[in-house]
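What follows is one structure encoded as structure tokens, with my remarks underneath.
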Amino acid sequence: MKKLILLIIFAPIINVEAEVNLKEISDVLKQVETLGNTKSIGDGGKAYGVLQIHKIYVDEVNNRYGTAYTHKQMFDPICAEEVFLLCMQFAQERFCKKYNRMPTEEEIVRMHNGGIYTGYKKKSTIKYYKRYLKFKNKIKNNVKNR
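As structure tokens, then:
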């Protein structure tokens, strides 16, 4: 019995961070990506809408959740946000299974930019995350100054 109690006391404590707020991240990303322009087309015609979502992003959500979103629906800001939230929910689940922790805000932002499977590791997404932080701080300051 004493051994069991000692094992419980000295068992490694899993660092459970508070989950990131995907809605808040989405709101900042709308500014980073398009300054809120719902009709925006980018990345050589491959990225649609306010969150600049690619077809593969939509396909990932449809395959995972059995939804029927189309790439053209990403011009609708509500649909685009729904797809973002579903995709990042899946990304969080996958990340948590792999690393036994939830992804940070930085990792989520970098996944959006570089892909949910390895985007958080790509050096090319660091600059994007820094841009995200600038917009996030600008939004916070605008709210404070009202």
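Sequential numbering from 678 applies to the sequence shown in the numbering used here. We put the CB at the ideal spot given by N, CA and C, even for glycine. Computed from a prediction, not measured in an experiment: that's the story for all the values here.
Since Gly719 sits in a beta bridge, which residues does DSSP pair it with?
-> Beta-bridge pairing links Gly719 to Ala724.
Start-to-end residues for the alpha helix (DSSP H) that takes in Gln708 | First-last of the alpha helix (DSSP H) with Gln708: Leu699 to Thr711.
Rounded straight-line distance, which links the Cα of Arg778 to that of Arg771 | When rounded, the separation of the alpha-carbon atoms in Arg771 and Arg778 is 10 Å.
Val735: which of Gly713, Ser717 and Leu762 sits nearest, CA to CA?
-> Per the Cα distances, Leu762.
Would Gly721 be called buried (16 or more neighbouring beta carbons within 10 Å of its own) or exposed?
-> So Gly721 ends up on the exposed side.
Around the Cβ of Leu712, are there at least 16 other Cβ atoms within 10 angstroms (buried) or fewer (exposed)?
-> Leu712 counts as exposed, since fewer than 16 other beta carbons sit within 10 angstroms of its beta carbon.
Determine the closest residue to Val786 out of Ala724, Tyr776, Lys774 and Lys804, with distance taken between C-alpha atoms.
-> Of the listed residues, the one whose Cα sits closest to Val786 is Lys804.
Cβ neighbours of Ile730 in the same chain (closer than 8 Å, five flanking residues each side left out) | Closer than 8 Å at Cβ, skipping near neighbours: Ala724, His748, Met751, Ala757, Val760 and Phe761.
Check whether Thr744 and Val727 have beta carbons under 8 Å apart | For Thr744 and Val727, no; Cβs fall outside 8 Å.
Using CA coordinates, which residue listed in Lys774, Lys807, Tyr776 and Lys775 is at the minimum distance from Asn790?
-> Of Lys774, Lys807, Tyr776 and Lys775, the residue nearest in Cα terms is Lys807.
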